[in-house]
Amino acid sequence: MREFFKRQKADNYPIENYLLIPMDEYCKSLYMKLLCAIIHYSDDTDEMQVMYLQRIIKGSGFEEKIEDYMRKALDISQTDIEEFLNVYKDNPLRLTFAIDGMLLLSVVEVTKEKQYEFLAEVIEMLGIKKDELEYLSQVAISILKQDSVAYDSAKTILPNRLVDLNLSFYIKDFYVGAIIDNNEEKHFFANELLELNTFRGSSNALFKERKITFENLILSIESNWRFEGCEEVSFINCSITGKTNIFEFESIGKVLFKKCSIRGFKNRIGHLKSVNEFCLYDNKINECGFTCSGDKRGGAWLIAGQSWNLLDFQRNVFLNCFIAADTYRGNYGVTGAILSGVDYILIKKFVLKNNKFIGSVCKNNGNYVAAQITHISGNNKEVEGNECTGELQRIFE
1 MREFFKRQKA
11 DNYPIENYLL
21 IPMDEYCKSL
31 YMKLLCAIIH
41 YSDDTDEMQV
51 MYLQRIIKGS
61 GFEEKIEDYM
71 RKALDISQTD
81 IEEFLNVYKD
91 NPLRLTFAID
101 GMLLLSVVEV
111 TKEKQYEFLA
121 EVIEMLGIKK
131 DELEYLSQVA
141 ISILKQDSVA
151 YDSAKTILPN
161 RLVDLNLSFY
171 IKDFYVGAII
181 DNNEEKHFFA
191 NELLELNTFR
201 GSSNALFKER
211 KITFENLILS
221 IESNWRFEGC
231 EEVSFINCSI
241 TGKTNIFEFE
251 SIGKVLFKKC
261 SIRGFKNRIG
271 HLKSVNEFCL
281 YDNKINECGF
291 TCSGDKRGGA
301 WLIAGQSWNL
311 LDFQRNVFLN
321 CFIAADTYRG
331 NYGVTGAILS
341 GVDYILIKKF
351 VLKNNKFIGS
361 VCKNNGNYVA
371 AQITHISGNN
381 KEVEGNECTG
391 ELQRIFE
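Residue numbers (this note's numbering): 1 to 397.
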């Protein structure tokens, strides 16, 4: 029965080492045998150590069971160690092996000196440098403590040559912040919906990395967030609150908001210029819009650029979104409560399916045709299953 529960823990908390997963079984076997050999340098096999190895086996696609690798480690040879070094000495997996080894020795109350000596010898043969080992040790401490502050402390001593090392599979269960943070990609993440304070109280935030993701976060937009030249920008399962500051996207491949709650933006949610694809899936957008003196379009969103490949809005709820003139004048108008182009913009494909527009308004509109979406052109439209509730019943101008 206890064995069953141990395996259940491994199933529920697998360590999905994305670097180890694509390796063939022979190379994986070398990795696991060396880790098992560390355990065998003690007279007793600790169940916490075995459970940790089971998590690696479950998450990283090993073919055999922990018992098989433990048995093979009893007969580990000089040839096995040489083969291990040939495979891993110039491979980033040498760094995760060091972390795994340190964690193995730290999950037990009493560790034999011979175990530390063996791990230290392997780390030295792998060519791991002193500053790298200091960083990896601090990462291991943060994992043991499940402590975001400790991981942030480790990041302050990250050697430049390791800046592209992705250790997100170790920390995603506890860390709130950038689980991937390098010149090509930033991924801000929390395991459950928690507040990200990184940009609170700061001046305008600027992002230029190739790929940027915000996931499972509470975001308060207290300055303009600007994204330039990115391949993809994604907000997934975030709670986003704004006031007068906005998102600015320029020259972006794809902008995605998925399963987000967005509310309170009074100066539009965002401006998008020269974006190839803009996708909204399963969001709830509440009380967002724009107030002006008149002759303006675009409440929640304003887009610009000569042509776009795709607008794709599906299964969203737009609640009380608006564009408003501050006073009514018959020869002035406002329209496009949800979205408008600055001028007529050619959209190569526009998908608008199963959205709910509830309580949208074009307040104090004089001489414009009041509509949810305006200044969009293109013949390739897929429009179905949308519902309008309230005074604004027209979807397109």
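Heads up, the beta-carbon is just placed ideally off N, CA and C, and yes, glycines get one too.
Helix, strand or coil at residue i according to DSSP, with G and I counted as helix
i	result
serine 307	strand
lysine 356	strand
leucine 302	strand
phenylalanine 62	coil
serine 220	strand
cysteine 321	coil
alanine 337	coil
tyrosine 344	strand
tyrosine 13	coil
serine 251	strand
glutamate 134	helix
glutamine 54	helix
glycine 177	strand
serine 77	coil
valine 87	helix
asparagine 365	coil
glutamine 8	Legend: pLDDT at glutamine 8 = 44, less than 50; position of this residue unreliable, no value from coordinates given.
valine 108	coil
glutamate 184	coil
arginine 2	Low per-residue confidence applies at arginine 2: pLDDT is 41, beneath 50, and the placement is therefore not dependable, though the value from the model is reported in the following sentence. Helix at arginine 2.
isoleucine 171	helix
asparagine 191	strand
glutamate 391	coil
alanine 120	helix
tyrosine 18	coil
glutamate 382	strand
aspartate 100	helix
glutamate 47	helix
glutamate 82	helix
glutamate 397	coil
leucine 280	strand
aspartate 295	coil
Short Cβ contact (7 Å threshold) for residue i with residue j
i	j	result
lysine 353	glycine 385	yes
glutamate 287	glycine 270	no
phenylalanine 84	leucine 35	no
glycine 294	tyrosine 332	yes
threonine 291	alanine 324	yes
glycine 366	arginine 394	no
tyrosine 52	valine 107	yes
glutamate 215	isoleucine 240	no
asparagine 355	asparagine 316	yes
leucine 339	tryptophan 301	yes
lysine 363	phenylalanine 322	yes
leucine 272	isoleucine 303	yes
leucine 196	leucine 217	yes
lysine 348	asparagine 309	yes
glutamine 49	leucine 104	yes
Member of the options whose CA lies at the smallest distance from the CA of residue i
i	options	result
asparagine 86	Val122, Tyr69, Gln115	Val122
isoleucine 38	Ile21, Thr374, Phe97	Phe97
phenylalanine 174	Glu184, Phe188, Arg161, Leu162	Phe188
tyrosine 88	Asp24, Lys145, Glu117	Asp24
valine 361	Gly390, Asp147, Asp131	Gly390
glycine 299	Val317, Asn283, Thr335	Thr335
lysine 296	Asn245, Ile373, Phe313	Ile373
arginine 409	Arg226, Leu95, Arg210	Here the chain covers residues 1 to 397 and nothing more, so residue 409 does not appear.
leucine 206	Leu219, Leu193, Asn224	Asn224
serine 220	Lys72, Ile262, Ile180, Asn283	Ile262
lysine 208	Glu231, Glu222, Ala190	Glu231
asparagine 400	Ile157, Leu20, Ala150	Nothing about residue 400 can be read from this structure; the chain reaches only from 1 to 397.
glutamine 115	Glu250, His40, Val149	His40
alanine 190	Gly177, Asn183, Val110, Ala154	Gly177
lysine 186	Ile171, Phe396, Arg210, Leu193	Arg210
aspartate 181	Asn17, Asp152, Lys259, Val369	Asp152
aspartate 312	Glu117, Lys254, Val369, Ile128	Lys254
asparagine 204	Thr244, Lys65, Gln314, Ile141	Thr244
methionine 102	Lys172, Val351, Ser142, Arg226	Ser142
isoleucine 15	Leu392, Ile179, Tyr170, Arg268	Tyr170
Residues bridged to residue i (per DSSP)
i	result
asparagine 267	Phe290
lysine 145	For lysine 145, which the question treats as bridged, DSSP gives no partner whatsoever.
valine 275	Ile252
isoleucine 285	Ile262, Phe318
threonine 327	Note: threonine 327 sits in no beta bridge, so no partner.
valine 233	Ile212, Val255
glutamate 25	None; glutamate 25 has no bridge partner.
leucine 206	Arg226
isoleucine 373	Leu339, Phe396
Residue i beta carbon near the ligand COA (any heavy atom closer than 6 Å)
i	result
isoleucine 128	As far as ligands go, the structure on display features none, and thus does not contain the ligand COA.
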